[in-house]
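Notes to accompany the following structure.
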Amino acid sequence: MKLNKPQLKAFKRQLLDARAKCADEIRSIAKETSKNPREASGDLSGYTVHMADMSADTYERELSMGLVSSEQEVLYQIDEALKRMDEGTYGACQQCSKPISVSRLKAVPYTAQCITCQRAQEQKAKRAR
Ligand SMILES: [Zn+2]
3 MKLNKPQLKA FKRQLLDARA KCADEIRSIA KETSKNPREA SGDLSGYTVH MADMSADTYE
63 RELSMGLVSS EQEVLYQIDE ALKRMDEGTY GACQQCSKPI SVSRLKAVPY TAQCITCQRA
123 QEQKAKRAR
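Using the working numbering, the letters of the sequence shown correspond one by one to residues 3 to 131.
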């Protein structure tokens, strides 16, 4: 089943919304990471020391970095989805080229895979761990 124009338009709006939110998220995480030395440590020198030199904050920083990189990953996927929309391949699974169900697209508009391929990939990832 191919997506019709109004559906595509709605998904595009959803993607652009998600993109804006995602970019905001990255900005706010980055801001917090750079100006919030851990309060619990009581280490005031943290205010003057560059984040990269603060070992006490490594874990928290890595957590934020992880958040940023997963947000960046989403941002990348959104851009790819918008590209596919321009190319007219949006809504087709990038792996098996079968159409992705509309309900799945509604939940994750930037998804590049149908649920079957996604599950298969998750299984593979689990086994690799
Ligand atoms: Zn597939």
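Virtual Cβ for every residue (Gly too), placed ideally from N, Cα, C.
Could you check what DSSP says for residue i in three-state terms: helix, strand or coil?
i, result
"Pro-8", "helix"
"Ala-25", "helix"
"Ala-94", "strand"
"Ala-42", "Note on Ala-42: pLDDT 47, under 50, position unreliable in the model; no value is reported."
Please classify residue i: is it buried, with 16 or more other beta-carbons within 10 angstroms of its beta-carbon, or exposed?
i, result
"Ala-83", "buried"
"Ala-42", "With a pLDDT of only 47 at Ala-42, under the threshold of 50, the placement of this residue in the model should not be trusted, and no figure is reported."
"Glu-64", "exposed"
"Glu-34", "exposed"
"Gln-123", "exposed"
"Leu-17", "buried"
"Asp-1", "The first residue shown for the chain is 3 and the last is 131, placing residue 1 beyond what the model contains."
"Tyr-61", "exposed"
"Gln-125", "exposed"
Using 8 Å for Cβ pairs, my map puts residue i next to residue j. What's the rounded Cβ distance?
i, j, result
"Arg-21", "Leu-77", "7 Å"
"Gly-90", "Pro-101", "At roughly 13 Å, the Cβ-Cβ gap does not stay under 8 Å, so Gly-90 and Pro-101 are not in contact."
"Ile-31", "Gln-74", "With 8 Å as the limit, Ile-31 and Gln-74 do not qualify as a contact, their Cβ atoms being about 10 Å apart."
"Ala-23", "Met-87", "Inspection of the sequence shows that residue 23 is occupied by Lys rather than by Ala. Incorrect: roughly 18 Å between the Cβ atoms, too far for contact."
Which residues, in chain order, sit with a beta-carbon under 7 Å away from any heavy atom of ligand 1?
Cys-95, Gln-97, Cys-98, Lys-100, Gln-115, Cys-116, Thr-118, Cys-119
At least three beta-carbon pairs within less than 8 Å, the region 111-123 to the region 94-103:
yes
Answer yes if the region 7-19 comes into contact with the region 66-75, meaning at least three C-beta pairs across the two stretches below 8 Å, and no otherwise.
no
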